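Report on the following structure.
In the UniProt record's numbering, the protein residues as written are 1 to 298.
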């Protein structure tokens, strides 16, 4: 389990924040984060919130301790590392009961101060940047917020795409049955994706494409390709009926039904290339994962 309860001898009646700082030696920001996220408990497993006094002789602090399943960074540098994430792996736990995520590997290899710089969907495979310390995390996240990077994806799209396409369509939440589903609309946030066809498989009626998102909206490549009639192979949210999408999100869609409605057991979208400059050095990194190529060719 990613969260472990650590038991500490407490001072009954003392303010929790004062205890964390003076007795446990925690940084005030860390103490505030622990209480605000409900990760401190008394002996009866009741949450101790910010500003409250400690009601028992011992307290428990839920800490994230990364475990490894053998995934190693693709590349490692002094301040950051690159992981080549496989499909069907969440980058971050969604609850305290999440058994395993990429963050487990990050903390296992680099410790508590290491963190994700950006995210990709669980079924999207490919490159992820990890800051190994707080200073590099801040600098690299600013780089992403200011769009000072180049990123490209590979995808298997249904149907034949013959020419390069610039998709310039605003995106917004659909706001209907499927809460995470996005839609194209004139009132949505500006969203631009360049689609470059690489190879067409006539037998399967599939096109291997490179996608360059010039903006970074949720599900951008998936929605844009679906909007022009070329849904990504295996997409369980776009190009399927509402019941199937809802069952997928609720984890009740069987593998057989998934294959029937999406024509595959996974989403064939892969973060293949990253280019950015950090401390005056330009990095150009390609993924080594060839699963998407193999699926397209076979």
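Every residue, glycine too, gets a C-beta built ideally from N, C-alpha and C.
Model, not experiment: these values are computed from the prediction.
Per-residue DSSP class, three states only, for residue i
i	result
residue 238	coil
residue 22	helix
residue 218	coil
residue 298	coil
residue 134	helix
residue 182	strand
residue 109	helix
residue 281	strand
residue 205	coil
residue 231	coil
residue 245	helix
residue 334	Residue 334 falls outside the range modelled here, since the chain spans only 1 to 298, and no answer is possible.
residue 77	coil
residue 11	coil
residue 256	helix
residue 147	coil
Member of the options whose CA lies at the smallest distance from the CA of residue i
i	options	result
residue 301	28, 55 and 30	The structure shown does not extend to residue 301, since the chain spans only 1 to 298, so no value can be given for it.
residue 65	130, 53, 104 and 134	104
residue 259	125, 240 and 276	240
residue 218	212, 251, 47 and 171	171
residue 39	61, 10, 223 and 99	61
residue 154	169, 138 and 213	213
residue 109	86, 35 and 67	67
residue 137	78, 210, 50 and 284	78
residue 33	93, 143, 57 and 63	63
residue 30	92, 267 and 113	113
residue 24	80, 3 and 59	59
residue 206	231, 191 and 220	231
Exposure label - residue i; buried when at least 16 CB within 10 Å
i	result
residue 177	exposed
residue 45	exposed
residue 296	buried
residue 84	buried
residue 13	exposed
residue 235	buried
residue 130	buried
residue 276	buried
residue 102	buried
residue 289	buried
residue 7	exposed
residue 18	exposed
residue 150	exposed
Residue(s) in a DSSP beta bridge with residue i
i	result
residue 313	A question about residue 313 goes unanswered here, because the residues of the chain that appear run from 1 up to 298.
residue 44	None; residue 44 has no bridge partner.
residue 299	There is simply no residue 299 to check, as the chain begins at 1 and stops at 298 in what is shown.
residue 63	4
residue 163	Residue 163 is not bridged to any residue.
residue 142	For residue 142, which the question treats as bridged, DSSP gives no partner whatsoever.
residue 173	182
residue 115	131
residue 193	167 and 213
Give a yes or no on contact between the segment 247 to 263 and the segment 113 to 124, applying the rule of three or more CB pairs nearer than 8 Å. no
Quick test of the definition: if touching needs 3 or more C-beta pairs under 8 Å, does the segment 188 to 198 touch the segment 152 to 167? yes
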